[in-house]
Amino acid sequence: MSFLGMGRPQPTSEQKIAAVESEMRMMADTYNRLQQSCQKKCVPSDYREGELNKGESVCLDRCTAKFLDTSMKVSEIMQQQGQALGGGQQGGSMF
Numbered sequence: 001m002s003f004l005g006m007g008r009p010q011p012t013s014e015q016k017i018a019a020v021e022s023e024m025r026m027m028a029d030t031y032n033r034l035q036q037s038c039q040k041k042c043v044p045s046d047y048r049e050g051e052l053n054k055g056e057s058v059c060l061d062r063c064t065a066k067f068l069d070t071s072m073k074v075s076e077i078m079q080q081q082g083q084a085l086g087g088g089q090q091g092g093s094m095f
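Residue numbering for the sequence shown follows UniProt numbering, starting at 1 and increasing by one per position.
Here it is, written out as structure tokens:
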């Protein structure tokens, strides 16, 4: 509960745990999509060597950077749209 009953109520422990679990699932999903997308694009399905060659390594580095950059931009846009739709009532965040 907030000071003198003002403001929004604080989340319970169960809500905090659920939020952390949800965030971890989203992070795992992002990692899995990144790995699948960049491996499909940069590493041939017929492995010829045990190690990545220079071209594959550079491709994976660039693909990862672009994927994460795009994910951040999409997240920022979605957050801005959520704040605009929410009218700034709760600062645009769930917690």
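The C-beta atom is built at its ideal place from N, Cα and C for all residues, glycine as well.
Just so we're clear, the structure is a prediction, and the values are computed from it rather than from any experiment.
Secondary structure at residue i, three-state DSSP: helix, strand or coil?
i           : result
residue 68  : helix
residue 95  : The predicted position of residue 95 is uncertain, since its pLDDT is 40 and thus under 50; no value can be drawn from it.
residue 109 : Absent from the model: residue 109. The displayed extent of the chain is 1 to 95, so no value can be given.
residue 10  : coil
residue 85  : helix
Hey, out of the options, whose CA is closest to residue i's CA?
i          : options       : result
residue 66 : 35, 48 and 83 : 35
residue 44 : 71, 29 and 57 : 57
For the alpha helix (DSSP H) that contains residue i, what are its first and last residues?
i          : result
residue 32 : 13-42
Are the CB atoms of residue i and residue j nearer to each other than 7 Å?
i          : j          : result
residue 38 : residue 52 : no
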